[in-house]
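Chemist: Quick one: this structure, given as structure tokens, is what I'll be asking you about.
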Amino acid sequence: AGGHGASAQNVSLYGITDAYIGSVRGSESRTVLNEGGNALSRLGFRGREDLGGGASAYFVLEMGLTLDNGTIPIGGGFGRQSFVGIDGRWGAIEAGRQYTPLFFNLLATVPFGMNANWAPVQLSGSTDGQPAAMRTVGLLTRQSNLLRYRYGGGPQAKGLRVDVAVAPDEGATGIGGILGLGASYRGSNYFIGYAAQRLDSGSAAATPFHNETQGLNGSYSLGALTLSAAYLVTDSTAPGARRAAHTVLGAAYDVGPHRWMAEINQRDLSGSPNDALAWALGYDYRLSKRTSLYGRLLNLNNRGTAANTLALAVVNAGSGDDVRALALGIRHNF
Amino acid sequence: AGGHGASAQNVSLYGITDAYIGSVRGSESRTVLNEGGNALSRLGFRGREDLGGGASAYFVLEMGLTLDNGTIPIGGGFGRQSFVGIDGRWGAIEAGRQYTPLFFNLLATVPFGMNANWAPVQLSGSTDGQPAAMRTVGLLTRQSNLLRYRYGGGPQAKGLRVDVAVAPDEGATGIGGILGLGASYRGSNYFIGYAAQRLDSGSAAATPFHNETQGLNGSYSLGALTLSAAYLVTDSTAPGARRAAHTVLGAAYDVGPHRWMAEINQRDLSGSPNDALAWALGYDYRLSKRTSLYGRLLNLNNRGTAANTLALAVVNAGSGDDVRALALGIRHNF
Amino acid sequence: AGGHGASAQNVSLYGITDAYIGSVRGSESRTVLNEGGNALSRLGFRGREDLGGGASAYFVLEMGLTLDNGTIPIGGGFGRQSFVGIDGRWGAIEAGRQYTPLFFNLLATVPFGMNANWAPVQLSGSTDGQPAAMRTVGLLTRQSNLLRYRYGGGPQAKGLRVDVAVAPDEGATGIGGILGLGASYRGSNYFIGYAAQRLDSGSAAATPFHNETQGLNGSYSLGALTLSAAYLVTDSTAPGARRAAHTVLGAAYDVGPHRWMAEINQRDLSGSPNDALAWALGYDYRLSKRTSLYGRLLNLNNRGTAANTLALAVVNAGSGDDVRALALGIRHNF
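Residue numbers (my numbering), protein chains in the order written: chain A, 15 to 348; chain B, 15 to 348; chain C, 15 to 348.
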């Protein structure tokens, strides 16, 4: 009953629909029609209200879309982003389900983006070879109950950006509290960022532990060519956990409607033979500002008995099977 | 495939995003980031078509939002409201999932609203101390399969309002049919209303019973100050059920961007020592017509071994633990 | 984070809200308030981008609505339609969850539509009397992972239409791959169409099989009167499966705000006494282009021990009980 006096112009709809035909070989070979090869499909609602004096109130509600079968992933609701915020010259405060500072830093420098099933950077979220307790956690790039303070603009804005986010434990049995910090600087043709986050397993967890992740990343543009690098390392106090380090290198070349990309991610699991190496080559042809056709070629080499996966390939546990995958798709932003 | 000729202007989007930081003590103490301290978050779609001659057809689709984690409560869909209607000078007929007449009557006089996790009136929906059969039911303020006839406007409209709603049983095992009646009159500075509803447990229930609730409520404004009162009593034929009576008193003082509120709810469970008393103090500061910052202070005293809860506090069954809670939040309407 | 530069005008909202009061007798009698008597309720988002040269990119996201209780059927998301497409003078390519070619052919000639709980053509989707393996499948009119090529316009467009759709198996345990073909021609006052589809049970199914369905249908208009007929036959290699043939005859008479309809569907299950016959009479009164009041009268005669159902009636397995149902409702397009 509340809110009935508001009008439609307070809300904008936006999103991405992305589908591809792929040939994917992991522990078995499959021809698939899937989504999110270039960018995960999504549907969002957002709005912004001018409060005067340079201040605004705003909200974002963004759901995932498993476009190929119509289901809504990440809990069936606005699992991608769901928050309310207020900003001004002093910065911004946001509360709800949001990306972590680490996510926004990385987003600034990875050629294939953060939210794509075929992005090698997704290997950094793997918990392969880690103990069971840690497996529910991975590299947390999005968190519920998050309260953020941010100084500076979005990840593409010039200048200094400082981002602090904290989530209370709320008596959780799974993922509990989180503390995240990020700082970055974007110059005319370069970006440099550092982020750290500490995640607690929840005060009610059977075996409480915490994970600490640090990330250092940067990019440098030489005209149409952009080179980028990121180093990510996660330590955990979970019994049996191993330090996981990821080195991500990328290159993108943009000219007219064409975009060529390459990205490599080296996973190093401390004291284990189960390392992995992923690389991808990509080409986007922009039909318009909003619509692209794309091709992707991806390779993931699982060393030892590692069972990491990318591109939604099925890799059997402990198999050490590699992934080879090829996709042709379309991405349409709205 | 149907309906593809329609255009966007037939639909309006609206909603509320509300988040707060709270310190909540029930059987344990927690710091939380939750939603709905001022008003439960929601996202709605509605439209209205002029049929000529003063008549219209319209619809409302409204989902809840657990803003802090992005999930959709009340069944994952449009569990708040989902109906189609037609109105004219003769009144309105609506069919679908809707609020009951009792809800609309109460909504007119409670300072903290009906849909807020921190509103003392929510204590009236408790089934603490009642037999298991009755626990699925509570104080029904919203019902599926409801067919309504209403004469008069919304709960804020002047003059007489008569509201009749009926839902068929449909062979239900849980909540079956419902019959609700409400009548109210709003003058220039007062409101008076009476509502009654009878709820059947469903023809296929193991132990069929019915609940009858009556509510009398009113408010009176002296300039910026509004005083309100409601008395609610529920009788049930469920074996072992107790008469539950709630007395709700409220006050609100509005001046410029400021709103101060107080509300108290006394729960009396017939023949039981497990009564309860809840009160809350609130302050809203309006940054604009659509956005407010707010503070809430809430106390719930559980007598005997009562285990009622408010403000999403955890109160262990049979503990008699009290709730004390403090919140600072933001509400943004769109 | 992606797509934030897009604006609201890229998306249109549309849908249907339909509710009725019905008296439905199957194995038992019930008074119900349900939805979808005229057309299943739904909410959709779609957009189209002009790419120049007669080409466009577009998307459709359409969810079902169980309007009477607010839930979202077919998986809780955009289970009705969820796809991205690109078209031009050469035709259209679409990828995602979509209707099959058979569906679009039938849609062109059935007076009560395809998506209505009270449409006799829905009897053609029954798997009554078939072996368990086949029961998850029915007459598939909508499929995930579908890649389509279409030449010609929508089902109401004049001229030739050719429609080919294929879905890969993806290692499915349930419904696997599908291949569908449709061809139709619409003249000034007639329509003729043929469609076939082959459905595989999935490469990982316990007992792999495939179903083949063929459909021939047409319609002819004499002024305000339109007559239509369809013949559908499904063969299956599932052990114990029976050939199911359906003959659907229809008539519709449109004059001013009035529309009268009749439809009959004869189900013949090869070598079984458990055939069935359904018929419905309908009347729509258009209050406007978007809103209609309607009445429906439906009869389903289950022969032998058949237990087919329509109009959401409860028919006990093996009972041979008939269905008789009457509804009065409202449909509002937006």
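Ideal placement from N, C-alpha and C gives every residue a C-beta, glycine not left out.
Assuming Trp-132/B contacts Ala-325/B under a Cβ cut-off of 8 angstroms, what Cβ separation, rounded to an integer in Å, is found between them?
Modeler: If you number the second sequence from 1, residue 132/B lands on position 118. If you number the second sequence from 1, residue 325/B lands on position 311. Yes, they are in contact, since the Cβ atoms of Trp-132/B and Ala-325/B sit about 5 angstroms apart, within 8 angstroms.
Chemist: Determine the closest residue to Arg-175/A out of Gly-93/A, Glu-63/A, Asn-83/A, Ala-122/A, with distance taken between C-alpha atoms.
Modeler: Indexing the first sequence from 1 puts residue 175/A at position 161. Taking only the C-alpha atoms, the option nearest Arg-175/A is Ala-122/A.
Chemist: Could you check the C-alpha separation between Thr-319/A and Ser-286/A for me, to the nearest Å?
Modeler: Indexing the first sequence from 1 puts residue 319/A at position 305. Indexing the first sequence from 1 puts residue 286/A at position 272. Spanning the two alpha carbons is a distance of roughly 10 angstroms.
Chemist: Out of Ile-86/B, Ala-292/B, Thr-85/B, Gly-191/B, which one is the CA nearest neighbour of Asn-316/B?
Modeler: One-based indexing of the second sequence puts residue 316/B at position 302. Measuring from the Cα of Asn-316/B, the nearest candidate turns out to be Ala-292/B.
Chemist: Is the Cβ of Ala-22/A closer than 8 angstroms to any Cβ of chain B?
Modeler: Sequence index remark: in the first sequence, residue 22/A carries index 8 (1-based). Note that Ala-22/A scores 46 on pLDDT, short of 50, meaning its location in the model is unreliable and no value can be drawn from it.
Chemist: From Gly-66/C, Gly-78/C, Ala-106/C, Ala-265/C, pick the residue whose C-alpha is nearest to that of Leu-161/C; which is it?
Modeler: Sequence index remark: in the third sequence, residue 161/C carries index 147 (1-based). Ranking Gly-66/C, Gly-78/C, Ala-106/C, Ala-265/C by Cα distance to Leu-161/C puts Ala-106/C first.
Chemist: On the CB-based measure, 16 or more other CB atoms within 10 Å of its CB, does Pro-125/B come out buried or exposed?
Modeler: As a working mapping, residue 125/B is identified with position 111 in the second sequence. Flag for Pro-125/B reads buried.
Chemist: Alpha carbon to alpha carbon, how far is Leu-137/B from Gly-168/C?
Modeler: For the purposes of this step, residue 137/B is taken as the residue at position 123 of the second sequence. For the purposes of this step, residue 168/C is taken as the residue at position 154 of the third sequence. Going by the C-alpha atoms only, they are around 55 angstroms apart.
Chemist: Hey, Ala-339/A and Val-38/A are a contact pair by Cβ (cut 8 angstroms); roughly how many whole angstroms apart?
Modeler: Here the question's residue 339/A lines up with position 325 in the first sequence. Here the question's residue 38/A lines up with position 24 in the first sequence. Between Val-38/A and Ala-339/A the Cβ distance is about 4 angstroms, and since that is below 8 angstroms, they are a contact.
Chemist: Identify which residue in Gly-66/C, Ser-41/C, Ser-43/C, Arg-111/C has its Cα closest to the Cα of Asp-32/A.
Modeler: In the first sequence, the residue the question calls residue 32/A occupies position 18. Answer by Cα proximity: Arg-111/C.
Chemist: Note down the Cα distance separating Leu-342/B from Gly-296/B, rounded to an integer number of angstroms.
Modeler: Here residue 342/B refers to the residue found at position 328 of the second sequence. Here residue 296/B refers to the residue found at position 282 of the second sequence. Between Leu-342/B and Gly-296/B, the C-alpha separation is close to 10 angstroms.
Chemist: The ligand ADP and Asp-298/A: does any heavy atom of the ligand fall closer than 7 angstroms to the residue's C-beta?
Modeler: Summarising the ligand content, the structure contains no ligands, and the ligand ADP is consequently not present.
Chemist: Establish whether the CB of Arg-44/C and some CB of chain B are separated by less than 8 angstroms.
Modeler: The residue you call residue 44/C lines up with position 30 of the third sequence. It does: the Cβ of Arg-44/C has a partner Cβ on chain B nearer than 8 angstroms.
Chemist: Taking 6 angstroms as the limit between beta carbons, can you name the residues of its chain near Gly-68/B, skipping five residues before and five after?
Modeler: Counting from 1 along the second sequence, the entry for residue 68/B is found at position 54. Excluding sequence neighbours, Gly-68/B sits near Gly-102, Arg-103.
Chemist: For the region 69 to 89 of chain C, list every residue whose C-beta sits within 8 angstroms of some C-beta in chain B, in sequence order.
Modeler: Listed by position, the residues of the region 69 to 89 of chain C near chain B (Cβ gap below 8 angstroms) are Leu-79, Thr-80, Leu-81, Asp-82, Asn-83, Gly-84, Thr-85, Ile-86.
Chemist: Report all residues from its chain with a CB closer than 8 angstroms to the CB of Gly-58/C; omit the five preceding and five following residues, and keep chain order.
Modeler: Counting from 1 along the third sequence, the entry for residue 58/C is found at position 44. Cβ neighbours of Gly-58/C beyond the five flanking positions: Leu-27, Tyr-28, Gly-29, Val-74, Leu-75, Glu-76, Met-77, Arg-94, Gln-95.
Chemist: Compare the C-beta of Leu-160/C against all C-beta atoms of chain B and say whether one is closer than 8 angstroms.
Modeler: Counting from 1 along the third sequence, the entry for residue 160/C is found at position 146. For Leu-160/C, the answer is no, since every Cβ of chain B falls outside 8 angstroms of its Cβ.
Chemist: Is DSSP giving Gly-78/B helix, strand or coil here?
Modeler: Translated into positions along the second sequence, residue 78/B becomes position 64. Strand.
Chemist: Spell out whether any CB of chain C is found under 8 angstroms from the CB atom of Leu-230/B.
Modeler: Within the second sequence, residue 230/B is the residue found at index 216, counting from 1. No - not a single Cβ of chain C is within 8 angstroms of the one on Leu-230/B.
Chemist: By the 8 angstroms beta-carbon criterion, what residues does the region 310 to 340 of chain C contribute toward chain B?
Modeler: Answer set for the region 310 to 340 of chain C: Val-328.
Chemist: So, does the CB of Ser-96/A fall closer than 8 angstroms to a CB anywhere in chain E?
Modeler: Absent from the structure is chain E; the protein chains it does hold are A, B and C.
Chemist: What does Asp-335/B pair with, by DSSP beta-bridge criteria?
Modeler: Looking up residue 335/B in the second sequence gives position 321. Looking at the DSSP assignment, Asp-335/B forms no beta bridge with any residue, so it has no partner.
Chemist: Roughly how many angstroms lie between the CA atoms of Phe-117/A and Asp-82/C, to the nearest whole one?
Modeler: Numbered from its first residue, the first sequence carries residue 117/A at position 103. Numbered from its first residue, the third sequence carries residue 82/C at position 68. If I take the Cα positions, the gap works out to 41 angstroms.
Chemist: Start and end of the beta strand (DSSP E) containing Asn-225/B?
Modeler: Indexing the second sequence from 1 puts residue 225/B at position 211. Residues 224 to 236.
Chemist: Return helix, strand or coil for Leu-326/B, following the three-state DSSP convention.
Modeler: By 1-based counting over the second sequence, the position of residue 326/B is 312. Annotated three-state conformation of Leu-326/B is coil, per DSSP.
Chemist: Quick one: measure Cβ to Cβ for Ile-86/B and Gly-91/A, integer angstroms, because I've assumed they're closer than 8 angstroms.
Modeler: Position 72 of the second sequence, counted from the start, is the residue given in the question as residue 86/B. Position 77 of the first sequence, counted from the start, is the residue given in the question as residue 91/A. Right, their Cβ atoms sit about 4 angstroms apart.
Chemist: What are the start and end residues of the beta strand (DSSP E) that includes Phe-205/B?
Modeler: Position 191 of the second sequence holds residue 205/B. Per DSSP, Phe-205/B belongs to the beta strand (DSSP E) from 204 to 214.
Chemist: Less than 8 angstroms between CB atoms is the rule here; does Thr-114/B satisfy it with respect to chain A?
Modeler: Here residue 114/B refers to the residue found at position 100 when the second sequence is read from its first residue. Cβ-Cβ to chain A under 8 angstroms: no for Thr-114/B.
Chemist: The alpha helix (DSSP H) with Asn-119/B in it runs from where to where?
Modeler: The residue given as residue 119/B occupies position 105 in the second sequence. That run of the alpha helix (DSSP H) goes 115 to 121.
Chemist: Would His-18/B pass as an interface residue toward chain C - the criterion being a Cβ-Cβ separation below 8 angstroms?
Modeler: The residue labelled residue 18/B in the question sits at position 4 within the second sequence. In this prediction, His-18/B scores a pLDDT of 37, lower than 50, which makes its location untrustworthy; the coordinate-derived value is nonetheless stated afterwards. True, the Cβ-Cβ gap to chain C drops below 8 angstroms.
Chemist: Can a CB atom of chain B be found closer than 8 angstroms to the CB of Ser-41/C?
Modeler: As a first step, residue 41/C must be located in the third sequence, where it is residue number 27. Cβ-Cβ to chain B under 8 angstroms: no for Ser-41/C.
Chemist: Quickly, what does DSSP pair Ser-242/A with across the bridge? List them, please.
Modeler: Looking up residue 242/A in the first sequence gives position 228. Beta-bridge pairing links Ser-242/A to Ser-233/A, Gly-264/A.
Chemist: Please report the distance separating the alpha-carbon of Gly-196/C from that of Ala-181/C.
Modeler: Position 182 of the third sequence, counted from the start, is the residue given in the question as residue 196/C. Position 167 of the third sequence, counted from the start, is the residue given in the question as residue 181/C. If you take the alpha carbons of Gly-196/C and Ala-181/C, they lie about 15 angstroms apart.
Chemist: Going by the DSSP bridge assignment, what does Ser-70/C pair with across the sheet?
Modeler: Within the third sequence, the letter at position 56 stands for residue 70/C. According to DSSP, which records beta bridges pairwise, Ser-70/C is partnered with Asp-64/C, Asp-101/C.
Chemist: Answer yes or no: does any C-beta atom of chain A fall closer than 8 angstroms to that of Ile-344/B?
Modeler: Walking along the second sequence from the start, residue 344/B turns up at place 330. So yes, Ile-344/B belongs to the interface.
Chemist: If we count the other Cβ atoms within 10 Å of its Cβ and call it buried at 16 or more, is Tyr-72/B buried or exposed?
Modeler: To locate residue 72/B, count along the second sequence from 1; it is residue 58. Classification for Tyr-72/B: buried.
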